[in-house]
Amino acid sequence: MKHIFREGKPGAPVLLLLHGTGGTEEDLLEVAKLIDDDASVLSVRGNVSENGMSRFFRRLAEGVFDEEDLIHRTRELYDFIDESAEQYGFDRSNVIAVGYSNGANIAASLMFHYEGALKGALLHHPMVPRKGVELPSLNEQHVFIGAGANDPICPAQETEELSRLLEQAGAHVHIQWEHNGHQLTIDEVQGAAAYYEQHLK
Ligand code: MLT
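Numbering (my numbering), first residue to last: 189 to 389.
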């Protein structure tokens with residue numbers, strides 16, 4: 189997968205950066221610096237093109253996911269993280285996802301499908317990636333969710349449902365509510381950074 193890897197300080201976590209629809213692997217580099225300037229960064233570009241916009245999996249309509257493609261692309265990303273850990277020599281068990289929108293959705297999908305895929309996650313405006321599936325154990329994983337109470341793409345009930353599903357699988361979830369629609373704001377990033385400092389660093 190097209191990506192950027194930047195090595196951080198020895199022993200620091202690896203931030204897996206996952207952009208939103210139409211983004212690139214450059215988008216969240218500044219966000220990563222605000223979260224942890226010492227961390228390594230593995231920033232990936234989604235392999236799917238929707239009218240020229242990069243995404244991590246196909247959708248049939250706004251908010252309606254192509255489930256078969258989601259499952260396939262989640263596996264592809266999971267394998268890519270494994271391969272990258274070997275190639276760059278980072279600790280596979282110390283990977284924390286930082287995702288926005290479509291990128292947050294594939295990060296949540298990693299947690300829905302694979303035990304130990306992530307150590308934790310900072311999810312900005314995520315949705316429930318799949319309904320009606322049994323999640324693997326997420327014991328002790330810490331998840332920050334940045335959400336918009338007035339997000340037209342990801343309604344508040346969907347955020348609450350995602351939080352409930354992750355908690356039922358054993359994760360600790362914190363939701364920070366904002367009122368800026370689907371936008372990723374500096375307040376939200378600062379909230380994620382504070383949460384990371386306390387629970388994930
Ligand atoms: C998605 O398709 O993943 C969500 O609707 C968010 C988006 O990327 O617009």
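For each residue, glycine too, the CB sits at the ideal point set by N, CA and C.
Ranking M299, R280 and H370 by CA distance to the CA of L258 puts M299 first.
By the Cβ-count criterion, P317 is buried, with 16 or more other Cβ atoms from all chains shown falling within 10 Å of its own Cβ. Closest in C-alpha terms to L204, from the list D279, E349, S242 and E256, comes D279. Residue nearest to I269 within the set L353, L206 and D225 is L206 (criterion: CA-CA distance). The beta carbons of L372 and H313 sit about 7 Å from each other, so the pair counts as a contact at 8 Å. Exposure of A249 is indicated by the presence of fewer than 16 other C-beta atoms within 10 angstroms of its C-beta. The three-state secondary structure of A357, taken from DSSP, is coil. Counting along the chain, the unbroken alpha helix (DSSP H) around V219 starts and ends at L217 to I223. Looking at the DSSP output, A249 sits in a beta bridge with V252. With 16 or more other Cβ atoms inside 10 Å of its own Cβ, I284 counts as buried.
Taken through DSSP and simplified to helix, strand or coil, E328 comes out as coil. Between the ligand MLT and the CB of I341, the shortest heavy atom gap is smaller than 7 Å. Pairing A309 with A200, the inter-Cα distance amounts to about 15 Å.
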